[in-house]
Amino acid sequence: MAVREIFSVKLRRSFMLEGCMTYLIFATLCSVSIILFLRFSEGMNLNRYVVTSANYLIASVITLFLVLKGDILLDSDGMWSFLTEFWDVFRNSKTFSNAASPWWALFLGVIAGNFFFLAFIYYQKSLKESGVAVTGVIGKLSVVVLPPFFALVLWLEIPGPIRCLGIVFAIISVLLSGKKTGESHLKPSVAVILFFMFSGFAEFFNKLFQKYATISTRPLFLFAVFSTALVISMPFVIRSRKPRWIEVGIGLVVGVPNLFSSFFLISALNSVPASVAFPLYGIGSLMLMSIGGMLLFKEILDKKDWLMIASAVVSIALLSGGN
Numbered sequence: 434m435a436v437r438e439i440f441s442v443k444l445r446r447s448f449m450l451e452g453c454m455t456y457l458i459f460a461t462l463c464s465v466s467i468i469l470f471l472r473f474s475e476g477m478n479l480n481r482y483v484v485t486s487a488n489y490l491i492a493s494v495i496t497l498f499l500v501l502k503g504d505i506l507l508d509s510d511g512m513w514s515f516l517t518e519f520w521d522v523f524r525n526s527k528t529f530s531n532a533a534s535p536w537w538a539l540f541l542g543v544i545a546g547n548f549f550f551l552a553f554i555y556y557q558k559s560l561k562e563s564g565v566a567v568t569g570v571i572g573k574l575s576v577v578v579l580p581p582f583f584a585l586v587l588w589l590e591i592p593g594p595i596r597c598l599g600i601v602f603a604i605i606s607v608l609l610s611g612k613k614t615g616e617s618h619l620k621p622s623v624a625v626i627l628f629f630m631f632s633g634f635a636e637f638f639n640k641l642f643q644k645y646a647t648i649s650t651r652p653l654f655l656f657a658v659f660s661t662a663l664v665i666s667m668p669f670v671i672r673s674r675k676p677r678w679i680e681v682g683i684g685l686v687v688g689v690p691n692l693f694s695s696f697f698l699i700s701a702l703n704s705v706p707a708s709v710a711f712p713l714y715g716i717g718s719l720m721l722m723s724i725g726g727m728l729l730f731k732e733i734l735d736k737k738d739w740l741m742i743a744s745a746v747v748s749i750a751l752l753s754g755g756n
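Count along the sequence shown starting at 1, add 433, and that's the number in the working numbering.
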């Protein structure tokens, strides 16, 4: 009987892990679609503030619909529960109660919205100043390095030796993707450094939410993130030149995968450690971005590109199968 129960538990865990890996694949595909679509729109002289605002507008509308559909409530009793549980949750690494979780989602989402906005703005600035290759490297390096580092410091999420080796290969993959011929080399410009920091923090907020909240409040967290970013971006739009429909359209198209990349990533983090999920998410996006560039934009992959893809495949195998 005991053996059967142990086998049943292991089987359930295996199915849960497979499901979470599926969510991670969906998050990666959404992330890649954002990059490829922005790559497609290069040279259109777009107003980045209009694109950013339209992106956050559609994400806010979708998440508001999900909040209303899920009947997620913010009431005074829940706020009191949030305030009384706050220190105990963080001291003892607990999860907020069902009543308090919506307030944690709102509180954290408002803070995260500032970082998401800044990451998106400096992403576009870095694209303009440093080129696609450098920006891609910095963006994926921030995801591979910063969230796992924060998880290590805060919760002692220490990966095993095989997964540590996988992280090393992930970093190698990211570095191999840089320094393309004819583009800017890696250099510590202000835009690049700020993009690295804001991007890493923005992704880590997904883990912070998942760690302490009930998953049912995820739509409220994402609504708070994107609506906050929308409010911040609007003054920039008002002060800029008159928006063009192409800018609004591109922003709306980009906003859907931008929302669901976070949506699926949070689902994956329920069972996949941050030290595994974020490197897989980062290098998976990088590898598919290179393949997509080759197939869709006829980009020629050199030896370094193929080495990067090979290193990424090794990293994915080690991170997925290691302990």
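Even for Gly, the Cβ is constructed at its ideal location relative to N, Cα and C. Just so we're clear, the structure is a prediction, and the values are computed from it rather than from any experiment.
Check: Roughly how many angstroms lie between the CA atoms of residue 507 and residue 485, to the nearest whole one?
Finding: Within the sequence shown, residue 507 is the residue found at index 74, counting from 1. Within the sequence shown, residue 485 is the residue found at index 52, counting from 1. Roughly 28 Å separates the two Cα atoms.
Margin query: Distance check for residue 745 and residue 603, CA to CA, integer angstroms please.
Written below: Looking up residue 603 in the sequence shown gives position 170. Looking up residue 745 in the sequence shown gives position 312. Distance between the alpha carbons of residue 603 and residue 745: 6 Å.
Next item on the list: Below 6 Å CB to CB, which residues in the same chain sit around residue 600 once its five sequence neighbours on both sides are set aside?
Entry: For this step, residue 600 is matched to residue 167 along the sequence shown. Correct list, in chain order: 712.
Notebook entry, point to check: Within the chosen definition, does the region 456-473 reach the region 694-712 through at least 3 CB pairs nearer than 8 Å?
Noted result: yes
Margin query: Output needed for residue 609: all residues of its chain with C-beta closer than 7 Å, excluding positions within five of it in sequence on either side, in chain order.
Written below: Your numbering for residue 609 matches position 176 in the sequence shown. Excluding residues within five positions, the ones whose Cβ falls inside 7 Å are 737, 740, 741, 744.
Next item on the list: Inspect the beta-carbon positions of residue 537 and residue 511 and report whether they are closer than 7 Å.
Entry: Translated into the one-based positions of the sequence shown, residue 537 becomes position 104. Translated into the one-based positions of the sequence shown, residue 511 becomes position 78. Taking 7 Å as the Cβ cut-off, residue 537 and residue 511 do not qualify as a contacting pair.
Notebook entry, point to check: Can you give the beta carbon distance from residue 629 to residue 554, rounded, assuming they're within the 8 Å contact cut?
Noted result: Against the sequence shown, residue 629 aligns to sequence position 196. Against the sequence shown, residue 554 aligns to sequence position 121. Actually they are not in contact, since the Cβ atoms of residue 629 and residue 554 sit about 14 Å apart, beyond 8 Å.
Note to self: Output needed for residue 579: all residues of its chain with C-beta closer than 6 Å, excluding positions within five of it in sequence on either side, in chain order.
What the structure shows: On the sequence shown, position 146 is the one that residue 579 refers to. Closer than 6 Å at Cβ, skipping near neighbours: 633.
Notebook entry, point to check: How big is the Cα-Cα spacing for residue 504 and residue 647?
Noted result: Taking the sequence shown and counting its residues from 1, the one referred to as residue 504 is at position 71. Taking the sequence shown and counting its residues from 1, the one referred to as residue 647 is at position 214. Their backbone Cα atoms lie some 14 Å apart in a straight line.
Notebook entry, point to check: When the Cα atoms are used, what is the spatial distance from residue 591 to residue 643?
Noted result: One-based indexing of the sequence shown puts residue 591 at position 158. One-based indexing of the sequence shown puts residue 643 at position 210. Between residue 591 and residue 643, the C-alpha separation is close to 18 Å.
Check: Excluding the five sequence neighbours on either side, which residues of its own chain have a C-beta within less than 6 Å of the C-beta of residue 660, listed in chain order?
Finding: Looking up residue 660 in the sequence shown gives position 227. Within the same chain, residue 660 has close Cβ partners 493.
Check: What is the DSSP secondary structure of residue 527, reduced to helix, strand or coil?
Finding: On the sequence shown, position 94 is the one that residue 527 refers to. Per DSSP, reduced to three states, the secondary structure at residue 527 is coil, with no helix or strand assignment.
Item checked: Cα-Cα separation between residue 551 and residue 557, rounded to whole angstroms -> Mapped onto the sequence shown, residue 551 falls at position 118. Mapped onto the sequence shown, residue 557 falls at position 124. Near 10 Å, if we compare the C-alpha coordinates of residue 557 and residue 551.
Next item on the list: Give a yes or no on contact between the region 518-533 and the region 682-694, applying the rule of three or more CB pairs nearer than 8 Å.
Entry: no
Check: For residue 541, which residues from the same chain have a beta carbon less than 7 Å from its beta carbon, with the 5 sequence-adjacent residues on both sides left out?
Finding: The count along the sequence shown starts at 1 and reaches residue 541 at position 108. Excluding positions up to five away in sequence, the list reads 638, 641, 642, 654.
Notebook entry, point to check: Beta-carbon separation of residue 607 and residue 576 under 7 Å?
Noted result: Mapped onto the sequence shown, residue 607 falls at position 174. Mapped onto the sequence shown, residue 576 falls at position 143. The answer is no: Cβ separation not under 7 Å.
Check: Quick one, are the C-beta atoms of residue 685 and residue 467 less than 7 Å apart?
Finding: Here residue 685 refers to the residue found at position 252 when the sequence shown is read from its first residue. Here residue 467 refers to the residue found at position 34 when the sequence shown is read from its first residue. No, the Cβ-Cβ distance between residue 685 and residue 467 is not below 7 Å.
Notebook entry, point to check: Which same chain residues, not among the five before or five after residue 747, have their C-beta less than 6 Å away from its C-beta?
Noted result: Taking the sequence shown and counting its residues from 1, the one referred to as residue 747 is at position 314. So the qualifying residues of the chain are 602.
Item checked: First through last residue of the alpha helix (DSSP H) which encompasses residue 680 -> Within the sequence shown, numbered from 1, the residue matching residue 680 stands at position 247. Start and end: 678-701.
Next item on the list: For the alpha helix (DSSP H) holding residue 604, just list the boundary residues, first then last.
Entry: Within the sequence shown, the letter at position 171 stands for residue 604. 594-609 is the span of the alpha helix (DSSP H), which, as asked, contains residue 604.
Check: Residues in its own chain within less than 8 Å of residue 454 by CB, not counting five upstream and five downstream?
Finding: Counting from 1 along the sequence shown, the entry for residue 454 is found at position 21. For residue 454, where only same-chain residues beyond five positions count, the Cβ hits under 8 Å are 701, 705, 753.
Next item on the list: Compare the beta carbon distance of residue 483 and residue 709 with 7 Å and say whether it is the shorter of the two.
Entry: If you number the sequence shown from 1, residue 483 lands on position 50. If you number the sequence shown from 1, residue 709 lands on position 276. Contact flag unset, no.
Item checked: Whether residue 624 touches residue 549 by CB criterion (7 Å) -> Sequence index remark: in the sequence shown, residue 624 carries index 191 (1-based). Sequence index remark: in the sequence shown, residue 549 carries index 116 (1-based). In this structure, residue 549 does not lie closer than 7 Å to residue 624 by Cβ.
Next item on the list: Report the rounded CA-to-CA distance for residue 585 versus residue 598, giving the unit in angstroms.
Entry: Here residue 585 is taken as the residue at index 152 of the sequence shown, counted from 1. Here residue 598 is taken as the residue at index 165 of the sequence shown, counted from 1. In a straight line, the C-alpha of residue 585 is about 16 Å away from that of residue 598.
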